[in-house]
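S.K.: Could you have a look at this structure, given as structure tokens, before my questions?
2 protein chains.
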Amino acid sequence: MALILITNDDGYASKGLRTLVEVAKEFGEVVVVAPDGPRSATSHAITMNTPLRLHHYHTDDDGTRYFRTNGTPCDCVKLGLRVVLKDRPADLVLSGINHGSNSSVSLIYSGTMGAAVEATLSHVPAIGFSLLDYHPDADFTAARHYVRLILQEMLRHPFTDEASLNVNIPNVPLEAIKGVKVTRQAKGYWREEMVERTDPYGGKYYWLTGRLEITDDGEDTCEWALQHNYVSVQPVQNDFTHHAIIPQLKFLEEI
Amino acid sequence: MALILITNDDGYASKGLRTLVEVAKEFGEVVVVAPDGPRSATSHAITMNTPLRLHHYHTDDDGTRYFRTNGTPCDCVKLGLRVVLKDRPADLVLSGINHGSNSSVSLIYSGTMGAAVEATLSHVPAIGFSLLDYHPDADFTAARHYVRLILQEMLRHPFTDEASLNVNIPNVPLEAIKGVKVTRQAKGYWREEMVERTDPYGGKYYWLTGRLEITDDGEDTCEWALQHNYVSVQPVQNDFTHHAIIPQLKFLEEI
């Protein structure tokens, strides 16, 4: 029986979280520590200047415990491992299922994947799951199927804590999904549009919006896989060094 | 004359920001867009569910403009490039000088470096500077010297937008600094202690604290450099794929 800590960035009430808990229970003991509201795009943020609250809000008939907190997804992992599990070793941290894509550079801003990376820093293997549908009542039928298959495989094979997995699931019916591709992050960027508005008092404000532009036509990327109806599984590191550039910067050691 | 956008995560009123602006002015036209208060440990977080405000709060005699916003350091870069500079191409984004270290895994949580990585996604070269002193009135004499030298070199050499630079400066007098080392991220983790307290109404809350544990005795790391009184310059990527692990995960394509 595996011990599995689950969190997300859409908040404790989201359908994606409920779905992930249901599937994870097939594999072991589950504990949930989730944000008390949406924390999309909070990346690896942690809470240092505000006290963290932790509220045990529900227990299932089978004993599964649910906690919510005012913190970020990373805080949830820290609170889960240290306070709730009291350093009892977790076998796996799962994050999601996110309502919306975390492909390409969206990974960088993702609270879902922030939590997964955080877990690997504590040497706990971790997987973040995302469905390419932002709707709060999205259909998780296909996602549920692939979450189950991936958990089966990853618990059976020796699992690495060197990288977390960023799993993105296309928003198509189960029978349209062609399988799984192991991918790299597609190069791209968000082309922002700052929508300017004026408040009733005459003050200007901006809504950050935009669209993801992909500048990468590789066939080994998350974007390629998703566009071709494959589930994308991407290993994500927690060493952010650009190792290949180190030799080119050696001239700085002469200053 | 270079066009330089400056931000930070300690907020618009910090001494580190003022110091960085003073040095950067020697190299070109400077525009400041900074958070309206501390945003430490906000990583790559962006603001999607709250409107962003942007207030032009000061102009220097030489015309340098200063803006502050309720957003994160990443939001500052987006607002700076899109709204303030109106897509006029910036030559460089600088972030800092942070009051405190961003070595080892602190890089992952760093708002200072979140802003720098954000800039490289828009193909603008970027450098984050951090001094290993958390004090609000820290002595930036040595930092100022090395910021100047690094800017001189990086504006002279063809500069990459493939990686931002994470520059950490030891907290010792200028004459004690031995030079610059180009480094990789030292492996480590934050050993958290969740300090538990009780509020006047009987409710529990937690302060997230802890200490950085380094599990890496390599002599090519940021930690080694800083402990030996070198300035650490580290290239940081915006592709978070763990490329080396991709072949080991290919079995997942069989499910």
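So the protein sequences, as listed, match chains A and B.
Under the numbering used here, think of the first position of the first sequence as 7, with each following residue one higher.
Under the numbering used here, think of the first position of the second sequence as 7, with each following residue one higher.
The C-beta atom is built at its ideal place from N, Cα and C for all residues, glycine as well.
For the stretch 249–261 of chain B, which residues have a CB atom closer than 9 Å to at least one CB atom of chain A, in sequence order?
M.R.: His249, Ala250, Ile251, Ile252, Pro253, Gln254, Leu255, Lys256, Phe257, Leu258, Glu259, Glu260, Ile261
S.K.: Report yes or no: is there a C-beta of chain B within less than 8 Å of the C-beta of Met54(A)?
M.R.: The beta carbon of Met54(A) falls within 8 Å of a beta carbon belonging to chain B, placing the residue at that interface.
S.K.: What do you get for Met160(B), buried or exposed, if any count of 16 or more other CB atoms within 10 angstroms of its CB means buried?
M.R.: Buried, since its Cβ has 16 or more Cβ neighbours within 10 Å.
S.K.: For the stretch 195–212 of chain B and the stretch 126–133 of chain B, state whether three or more C-beta atom pairs, one from each stretch, are separated by less than 8 Å.
M.R.: no
S.K.: When the Cα atoms are used, what is the spatial distance from Ile52(A) to Gly106(A)?
M.R.: 22 Å
S.K.: Beta-carbon separation of Asn14(B) and Pro79(B) under 8 Å?
M.R.: Yes, they are a contact pair.
S.K.: Note down, one range per segment and in chain order, each alpha helix (DSSP H) of at least 4 residues found wholly within the stretch 141–197 of chain B.
M.R.: Listed in chain order, the complete alpha helix (DSSP H) runs (minimum 4 residues) inside the stretch 141–197 of chain B are 147–162.
S.K.: If I measure Cβ to Cβ from Gly43(B) and keep anything under 7 Å in the same chain, skipping five residues before and after, which residues do I get?
M.R.: Gly17
S.K.: Kindly list the residues whose CB is nearer than 7 Å to the CB of Gly194(B), restricted to its own chain and excluding five residues on each side of it in sequence; keep chain order.
M.R.: Ser110, Val111, Leu218, Glu219, Ile220, Thr221, Asp222
S.K.: Quick one, which of Thr247(B), Ile261(B), Ile114(B), Leu87(B) has its alpha-carbon nearest Met200(A)'s?
M.R.: Leu87(B)
S.K.: Would you say Ser128(B) reaches chain D, if we count a Cβ-Cβ gap shorter than 8 Å as a contact?
M.R.: Although the question refers to chain D, the structure presented lacks it and instead comprises the protein chains A and B.
S.K.: Going along the chain, which residues of its own chain have a beta-carbon closer than 8 Å to the beta-carbon of His141(A), five neighbours each way excluded?
M.R.: His105
S.K.: Comparing alpha-carbon positions, which option in Ile114(A), Val239(A), Val178(A) lies nearest Leu157(A)?
M.R.: Val239(A)
S.K.: How many Å lie between Ala144(B) and Ala144(A) at the Cα?
M.R.: If I take the Cα positions, the gap works out to 51 Å.
S.K.: With Lys21(B) as the anchor, note down where its beta strand (DSSP E) starts and where it stops.
M.R.: No beta strand (DSSP E) contains Lys21(B), which is instead part of the alpha helix (DSSP H) from 21–30.
S.K.: By Cβ distance below 6 Å, which residues in the same chain neighbour Arg269(A) in space, the five residues on each side in sequence not counted?
M.R.: What is shown of chain A runs 7 to 261, which leaves residue 269(A) out entirely.
S.K.: Going by beta-carbon coordinates alone, are Ala19(A) and Leu100(A) separated by less than 8 Å?
M.R.: no
S.K.: Pick helix, strand or coil for Tyr63(A), following the three-state DSSP scheme.
M.R.: strand
S.K.: For the 8 Å Cβ check, are there 3 or more pairs between the stretch 171–178 of chain A and the stretch 237–252 of chain A?
M.R.: yes
S.K.: Within 10 angstroms of its Cβ, does Asp67(A) collect 16 or more other Cβ (buried), or is it exposed?
M.R.: exposed
S.K.: Where does Glu229(A) land, buried or exposed, given buried means 16+ other C-beta within 10 angstroms?
M.R.: buried
S.K.: Could you name the residues of the stretch 38–52 of chain A whose beta carbon sits closer than 8 Å to any beta carbon of chain B, in the order they occur along the chain?
M.R.: Pro44, Ser46, Ala47, Thr48, Ser49, His50, Ala51, Ile52
S.K.: Name the two residues that bound the continuous alpha helix (DSSP H) containing Pro41(A).
M.R.: Per DSSP, Pro41(A) lies in no alpha helix (DSSP H) segment; the continuous beta strand (DSSP E) that holds it begins and ends at 34–41.
S.K.: I need the straight-line Cα distance from Gly216(A) to Phe257(B), nearest angstrom please.
M.R.: Their backbone Cα atoms lie some 36 Å apart in a straight line.
S.K.: Could you give the first and the last residue of the continuous beta strand (DSSP E) run that contains Val99(A)?
M.R.: First-last of the beta strand (DSSP E) with Val99(A): 98–105.
S.K.: Let me know if Asn108(A) comes out buried or exposed under the rule of 16 or more other beta-carbons within 10 Å of its beta-carbon.
M.R.: Asn108(A) should be labelled buried.
S.K.: Please list the partners that His64(A) has in chain B, where partner means a Cβ-to-Cβ separation under 7 Å.
M.R.: Within 7 Å Cβ-Cβ: nothing; His64(A) doesn't reach chain B, min ~18 Å.
S.K.: Grouping DSSP H, G and I as helix and E and B as strand, with all else coil, what is Pro79(B)?
M.R.: Under the three-state reduction of DSSP output, Pro79(B) falls in the helix class.
S.K.: Can you tell me whether His50(A) is buried or exposed? The criterion is at least 16 other CB atoms within 10 Å of its CB, across all chains shown.
M.R.: buried
S.K.: Determine which residues share a DSSP beta bridge with Trp230(B) and list them.
M.R.: In the DSSP output, where bridge partners are listed per residue, Trp230(B) has none listed.
S.K.: Using the beta-carbon of each residue, which ones in chain B are nearer than 7 Å to Arg59(A)?
M.R.: Tyr211
S.K.: Could you check what DSSP says for Met119(A) in three-state terms: helix, strand or coil?
M.R.: helix
S.K.: In the DSSP assignment, what residue or residues form a beta bridge with Met200(A)?
M.R.: In the DSSP output, where bridge partners are listed per residue, Met200(A) has Leu214(A).
S.K.: Can you name, in chain order, every residue of its own chain whose Cβ lies under 7 Å from the Cβ of Val186(A), other than the five neighbours on each side?
M.R.: Tyr236, Val237, Val239
S.K.: Got a sec: is the Cβ-Cβ distance from Asp97(A) to anything in chain B below 8 Å?
M.R.: no
S.K.: On the three-state DSSP scale, how would you describe Thr70(B)?
M.R.: Judged by DSSP in its simplified three-state form, Thr70(B) adopts coil rather than helix or strand.
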